[in-house]
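Protein chains: 2
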Amino acid sequence: MTKEILLAVLLAAGSQARAQATAPLTARLGKVSLTVALNPDGRPTYAVAFGPKTVLAPSRLGLSFADGKGFEGPLVLTGSETKDVDETWQPVWGEVKDIRNHYQQLTVHLRQPAADGRKLDVVFRVFADGVGFRYEFPRQAGLQYFTVQDEFTEFHLPANHKAFWIPGDYDSNEYAYTTSRVSEVNTTPIPAIQQKAPANRVQTPLMLKSDDGLYINIHEAALVNYPALYLNVDTKTFDLTSQLVPDATGTGAKAYLQAPEHTPWRTIVVSDKAPEVLASKLILNLNEPSKIADPSWIKPQKFVGVWWEMQTGRGSWNYADTFNIKLAGTDWRKLKPNGRHMANTAHVKQYIDFAAAHHIPGVLVEGWNVGWEDWANNWKEEVFDFVTPYPDFDVDELQRYAAAKGVNIIMHHETSGAATNYERRQDNAYRFMNAHGYTSVKTGYVGKIIPRGEHHDGQWMVNHYVQTAQKTADYRIMVDMHEPVRPTGLNRTYPNWLACEAARGNEFNAFSEGNQPEHETILPFTRLMGGPMDYTPGIFKLQNFEPTGKRLVHTTLAKQLALYVTMYSPLQMAADLPENYNQHLDAFRFIEDVPVDWDDTRILAAEPGDYLTTVRKAKGKDEWYLGSITDEKARQQPIKLDFLTPGQRYEATIYADGKGADWQKNPTAYRISKQVVTSKSALTLQLAPGGGAAISFKPVTK
Amino acid sequence: MTKEILLAVLLAAGSQARAQATAPLTARLGKVSLTVALNPDGRPTYAVAFGPKTVLAPSRLGLSFADGKGFEGPLVLTGSETKDVDETWQPVWGEVKDIRNHYQQLTVHLRQPAADGRKLDVVFRVFADGVGFRYEFPRQAGLQYFTVQDEFTEFHLPANHKAFWIPGDYDSNEYAYTTSRVSEVNTTPIPAIQQKAPANRVQTPLMLKSDDGLYINIHEAALVNYPALYLNVDTKTFDLTSQLVPDATGTGAKAYLQAPEHTPWRTIVVSDKAPEVLASKLILNLNEPSKIADPSWIKPQKFVGVWWEMQTGRGSWNYADTFNIKLAGTDWRKLKPNGRHMANTAHVKQYIDFAAAHHIPGVLVEGWNVGWEDWANNWKEEVFDFVTPYPDFDVDELQRYAAAKGVNIIMHHETSGAATNYERRQDNAYRFMNAHGYTSVKTGYVGKIIPRGEHHDGQWMVNHYVQTAQKTADYRIMVDMHEPVRPTGLNRTYPNWLACEAARGNEFNAFSEGNQPEHETILPFTRLMGGPMDYTPGIFKLQNFEPTGKRLVHTTLAKQLALYVTMYSPLQMAADLPENYNQHLDAFRFIEDVPVDWDDTRILAAEPGDYLTTVRKAKGKDEWYLGSITDEKARQQPIKLDFLTPGQRYEATIYADGKGADWQKNPTAYRISKQVVTSKSALTLQLAPGGGAAISFKPVTK
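As you go down the protein sequences, you meet chains A and B in turn. FYI, the numbering for the first sequence is 0 to 701, going by numbering that gives the first Met the number 0. FYI, the numbering for the second sequence is 0 to 701, going by numbering that gives the first Met the number 0.
Next comes the structure, spelled out in structure tokens:
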């Protein structure tokens with residue numbers, strides 16, 4: 000369908016709605032405007048514009064239920080109201096100190112045609128940088144328990160935009176992004192990580208750029224008690240239709256709900272400036288306020304850990320090489336140690352020593368607990384018990400040693416996808432953590448989910464992640480989830496949920512063909528729109544780090560430093576080995592210095608797939624940290640320092656790509672320089688191919 | 000296929016096996032003999048005889064795997080061995096003090112034809128009263144993790160026996176038994192309780208009687224980590240083929256296993272005397288010994304409770320009549336009480352008073368915890384939290400009151416089928432029990448299972464029940480499960496698992512058309528073969544007990560007393576209301592007196608569907624208790640008292656049907672008489688239609 004025809008449909012829909020009830024309903028804030036109408040066939044649609052430009056042509060709304068009596072057919076508009084909200088709130092931690100929540104809300108009341116028909120509200124919030132809307136099912140006699148079979152929400156693009164997308168695998172987000180026209184979306188050639196997706200199915204956040212200069216991001220906010228939203232792309236009409244992740248029953252059921260209830264918010268962030276998409280707080284604003292009354296125990300943090308050496312194949316999670324092990328009945332002390340088990344007491348102490356020496360508060364230890372001999376790919380339920388250490392890991396001694404050095408050991412709970420096994424053991428696992436001084440846990444969901452037939456991104460698992468955030472909070476535990484559904488801003492509601500992986504992390508450089516240099520310029524526009532990512536930056540040994548010497552980290556060393564600023568997270572790993580950091584302690588100084596919590600953030604330059612420069616102000620201090628990255632192309636990045644406090648002199652320590660630096664040929668070349676600057680200064684950063692730069696700005700006090 | 004042709008096949012199979020490897024393999028004990036052979040096509044078969052009579056004609060063995068490389072095709076016999084075992088063990092509680100485990104074991108080693116083919120053992124145990132066998136998957140390089148797709152075990156009956164069966168509903172056993180010829184098995188006319196079964200699918204334990212006088216029971220023992228066995232009946236050939244309960248994935252997968260592993264035992268109990276089937280300990284013998292090192296805290300017990308008044312509709316589990324409630328976020332104190340909530344502090348105290356006055360150690364309270372407003376039929380996960388009482392149930396006060404009176408309150412955990420919700424809350428629920436003095440819990444699984452798509456009788460739920468038995472044991476809690484898979488003797492291994500419902504209990508008389516008078520004469524031959532049942536006998540007000548006055552208990556009062564002996568359980572409820580017991584305290588005396596643990600048991604007379612007389616010797620005392628029941632027909636039951644200790648005089652208190660007693664017309668007529676008897680005495684009991692008799696024999700000391 001062309002844009003012209005679509006507009007005609009919109010006008011027709013408008014007059015139909017008027018005939019039925021009222022004029023098309025509208026809401027607006029700044030340049031963003033929304034129009035809601037009933038189609039001639041009685042089905043509701045919405046459309047979004049940015050100034051004069053169409054963001055979404057009229058797009059269908061609706062849902063069907065398993066009982067056959069959903070909201071897919073004609074509906075009656077029974078009323079509507081608007082309200083304006085402008086408030087400011089403070090996150091427990093974040094990129095900025097204050098977040099403005101400014102929107103115009105339009106609530107549309109719909110009903111099935113019969114007088115006693117079921118009622119549905121669609122609530123829209125129009126922000127200056129986009130629109131969020133959700134379906135709400137009010138309390139009503141005719142609708143109590145119901146099953147959503149399908150959601151018919153559409154996002155009808157008016158033209159063949161450029162898209163940054165990953166395949167619609169219900170069980171993994173760990174894909175490299177493809178950049179293509181919408182008409183060229185085709186997942187067929189992409190190897191499946193867990194599950195082959197239909198050729199036209201992609202995941203959100205979906206980043207789009209129009210030829211007329213709009214940057215558009217489609218995602219969702221506050222995904223609770225509902226499956227994740229996927230998008231089926233019509234490569235001819237550019238209509239994106241909703242695909243919800245099905246449950247295990249094979250009936251096509253998507254969500255089991257009880258009224259009053261609502262769906263997550265469907266979000267469209269839009270701007271004509273790429274940095275404004277990154278600065279958007281629309282998704283956070285659509286989430287509920289924190290449920291944690293006293294968040295004093297929640298601490299953004301950096302950590303090192305026993306991890307990269309297993310990712311690169313130098314060591315093992317497993318204690319023995321005796322495979323085919325059963326959790327119950329195995330006498331772990333009788334197994335023959337393989338000599339490569341990294342989570343042993345002496346080795347962990349080395350990490351604790353390094354962390355203490357460099358003011359890194361956390362040490363992650365993976366492979367501490369029994370079960371790793373048989374952990375993956377067996378769809379096995381009783382994989383781990385989360386409380387039994389391997390014979391060479393002394394829980395009590397390490398608790399004592401770490402405490403004496405002021406370091407926290409970070410617990411690790413890999414579930415192997417067996418969420419049921421984890422759930423039945425969570426209380427005891429968290430009690431074990433409380434008893435042994437662990438305040439944070441990294442969880443993992445590698446592999447096919449149990450309950451068998453469920454998906455990582457289905458309603459049941461979505462509830463599992465949220466319940467896990469709540470339960471860890473009950474035990475005053477911070478959590479970092481790997482392989483969950485991609486985030487939707489729930490870190491506002493559960494600020495102990497510090498980060499997720501849920502995307503292709505730095506680790507892929509360790510064990511695969513790697514992440515292309517553009518990868519980290521796309522992630523902030525896609526995955527990070529939903530929340531912080533535990534990307535695990537900070538690799539200093541960028542080549543020859545694994546036994547075969549074939550793999551590369553696809554960045555320069557300076558770019559690894561820049562990622563601590565460009566990839567926002569309150570939880571940041573310094574992922575390389577202490578021995579590699581010890582070779583470059585001058586560069587490691589940036590990792591020591593860089594904060595993980597901020598009072599302010601400015602996106603100075605950004606283009607998805609190309610480059611990104613971000614500067615952030617440290618929490619409670621007049622210090623600024625800048626990260627600048629490029630894709631495979633060398634770039635000059637001019638920077639105006641007008642973000643600095645006027646009149647204050649700062650020492651800028653610049654960690655830049657060195658002469659001849661190149662992610663492929665010479666990634667470790669870097670140059671550290673210092674200069675005194677003010678808010679009137681300007682810099683020009685020279686970014687190498689696959690390179691970057693990091694700068695700390697600290698006030699000169701004398 | 001006729002019996003003659005089958006025998007010819009057996010002979011052919013025998014010679015083929017001889018040609019391949021050896022003569023047909025045999026084992027024998029007493030009259031029971033077993034023959035194992037390879038068919039001409041290389042598939043293994045087994046056959047069972049009782050003396051000269053065929054119990055099972057040659058019947059197929061085998062399984063298929065999801066990977067396509069199972070044991071459904073031709074196999075090679077690589078060896079076999081036999082051993083004889085004769086040992087005696089003592090159960091923690093039971094019908095007898097000592098159990099003899101006497102069998103000849105035949106282990107058959109099979110292999111897929113290729114030299115490196117996968118290996119399978121079939122282990123048979125031949126007892127004097129039947130055969131048990133199971134598939135064992137030894138540790139081997141070629142078979143580690145595997146998925147059982149189907150099991151091809153057959154039970155090929157040689158003729159058109161009489162069968163006592165219920166439909167093959169994967170989610171409920173709560174059916175009345177149909178008695179028919181095998182050729183007439185047809186579940187079509189039977190209303191489904193949870194799930195309509197194919198016309199020819201029935202459940203085990205399946206009781207059969209042959210025209211040549213054999214009583215045969217087919218079931219399984221030690222059902223762990225595997226789905227329940229159902230039987231597809233070929234109504235033409237009388238071949239019973241295995242049907243395992245599938246998992247949720249819709250792929251037909253039945254069991255996810257890891258070698259070394261084995262299936263449950265498939266059991267065939269056979270005798271030419273019906274009482275010997277009831278006396279069989281074959282299924283218990285095939286279970287593993289107790290896992291509980293110190294069972295001193297496990298106490299067989301009687302109980303009363305807040306229950307029958309809800310079953311009959313006089314009161315409610317729910318506190319309010321405000322339906323459509325959510326567990327989280329509801330302020331229960333603000334709900335309007337409906338005035339019919341039975342689990343209130345004052346009412347529970349009345350039960351405690353009655354229990355204390357009559358030496359009943361337990362008081363069950365159902366409906367004490369929030370969530371009952373919305374508990375059933377919604378496939379809802381967050382139904383109950385198991386720790387929050389209704390506003391009118393004072394946990395601390397009742398703990399104090401019950402303790403002061405020497406009574407234990409029995410905890411109740413209805414899950415509404417949401418096993419996942421229960422699992423994630425079990426630790427906290429059991430800690431709550433420990434903290435508040437509860438030593439026993441009755442669990443329930445009414446409704447469709449969550450994980451959605453799983454069945455009550457599938458592998459996942461089978462593991463849930465076993466894990467629940469283990470976890471309750473970890474907390475020193477005794478458990479009584481309602482709506483689990485039917486038992487398979489696991490009470491030997493987990494003696495804290497006192498009883499299950501898993502059949503159509505006395506409660507059906509409260510809320511349905513009821514249980515026909517023959518029902519309790521069949522249950523011991525079917526459901527009770529697997530273990531104790533919480534049948535909840537002891538109803539004294541047999542008519543006009545519910546608001547409409549339409550329902551009947553289908554027995555006389557005397558038969559209700561007899562059930563305490565004929566329906567073996569270490570956990571027996573006195574299910575009626577104290578006010579009804581107070582009308583018949585002379586009859587209630589038998590319930591007060593009758594033990595729940597025994598040193599000896601004799602089945603004096605039995606015919607499934609017709610009658611049953613059982614006498615048991617109290618644990619550690621020279622007291623005997625007799626129960627005698629009939630179906631809808633009046634009977635004279637002669638009893639020789641030669642079980643009594645010779646030379647000892649006993650006072651026999653006989654609770655008999657009174658003059659004119661009849662389950663329909665005059666169920667409450669009973670007569671209590673006393674007489675002094677010795678081992679040389681004889682009695683003739685007059686059993687009314689639907690009637691029974693109960694007798695206590697206590698030594699006369701003077």
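Using N, Cα and C, we set each Cβ at its ideal position, and we do this for glycine too.
Closer than 8 Å to chain B by CB, residue i
i: tryptophan 378(A); result: yes
i: alanine 247(A); result: yes
i: glutamate 372(A); result: no
i: glutamate 422(A); result: yes
i: glycine 452(A); result: yes
i: threonine 442(A); result: no
i: tyrosine 350(A); result: no
i: tyrosine 493(A); result: no
Sequence-distant residues of its chain with Cβ nearer than 8 Å to residue i (five each side left out)
i: threonine 683(A); result: Gln635, Gln636, Pro637 and Ile638
i: lysine 673(B); result: Glu650, Ala651, Thr652 and Ile653
i: valine 369(B); result: Tyr318, Leu326, Thr329, Trp331, Phe383, Asp384, Thr387, Pro388 and Tyr389
Cut-off 6 Å between Cβ atoms - residues of its own chain near residue i, not counting five sequence neighbours on either side
i: alanine 681(B); result: Lys639
i: proline 274(B); result: Ile602 and Ala605
i: alanine 501(A); result: Asn172, Pro483 and Arg485
i: proline 577(B); result: Phe353
7 Å Cβ cut-off: residues of chain B touching residue i
i: aspartate 426(A); result: Asp426 and Asn427
Interface residues of chain B facing residue i [CB-CB closer than 8 Å]
i: tyrosine 474(A); result: Within 8 Å Cβ-Cβ: nothing; tyrosine 474(A) doesn't reach chain B, min ~12 Å.
i: asparagine 329(A); result: Strictly speaking, residue 329(A) in this sequence is threonine, with asparagine absent from that position. The premise fails here: threonine 329(A) is roughly 12 Å from chain B at the closest Cβ pair, so nothing lies under 8 Å.
i: tyrosine 169(A); result: Those do not exist, as tyrosine 169(A) stays about 14 Å from chain B at its closest Cβ, beyond 8 Å.
CB contact below 8 Å: residue i versus chain A
i: lysine 290(B); result: no
i: asparagine 323(B); result: yes
i: alanine 693(B); result: no
i: alanine 20(B); result: With a pLDDT of 45 at alanine 20(B), under the threshold of 50, the predicted position of this residue should be treated as unreliable, though the coordinate-derived value follows. Chain A, which has no Cβ nearer than 8 Å to the Cβ of alanine 20(B), makes this no.
i: glutamine 15(B); result: The predicted model places glutamine 15(B) with a pLDDT of 39, which falls under 50 and marks its position as unreliable, so this point remains unresolved.
i: threonine 419(B); result: yes
i: glutamine 257(B); result: yes
Residue i: contacting residues in chain B (beta-carbon distance under 9 Å)
i: threonine 178(A); result: Near threonine 178(A) there are no residues of chain B at all, since even the closest Cβ is about 36 Å away, more than 9 Å.
Residues that residue i contacts on chain A, provided the C-beta gap is smaller than 7 Å
i: threonine 387(B); result: Correct list: empty, because the minimum Cβ distance to chain A is about 15 Å.
Rounded distance between the beta-carbons of residue j and residue i, thought under 8 Å
i: arginine 110(B); j: valine 75(B); result: 5 Å
i: phenylalanine 302(B); j: methionine 572(B); result: 5 Å
i: phenylalanine 126(A); j: leucine 28(A); result: 6 Å
Contact set between residue i and chain A, taken where Cβ atoms lie within less than 9 Å
i: tyrosine 144(B); result: Asn323, Asp373, Asn376, Asn377, Trp378 and Lys379
Own chain residues within Cβ distance below 7 Å of residue i, not counting five before or after
i: tryptophan 264(A); result: Gly131, Phe132, Arg133, Glu219, Ala220, Ala221 and Leu285
i: valine 394(B); result: Pro388 and His435
**OP:** Ignoring anything shorter than 3 residues or poking outside the stretch 360 to 422 of chain B, list the beta strand (DSSP E) runs there in chain order.
**Re:** 361 to 364 and 407 to 413
Original post:
Going along the chain, which unbroken runs of the beta strand (DSSP E) with 3 or more residues stay wholly within the stretch 285 to 323 of chain A?
Top reply: 300 to 305
**OP:** Starting from the N-terminal side, write out each stretch of the beta strand (DSSP E) that is 3 residues or longer and does not extend beyond the stretch 513 to 578 of chain A.
**Re:** Taken in chain order, the whole beta strand (DSSP E) runs of length 3 or more contained in the stretch 513 to 578 of chain A are 570 to 572.
Original post:
Which ranges does the beta strand (DSSP E) cover as unbroken runs of at least 3 residues, wholly within the stretch 171 to 200 of chain B, from first to last along the chain?
Top reply: 177 to 180
Subject >> Completely contained beta strand (DSSP E) runs for the stretch 215 to 244 of chain A, where each covers 3 or more residues >> reply: 228 to 232 and 238 to 243
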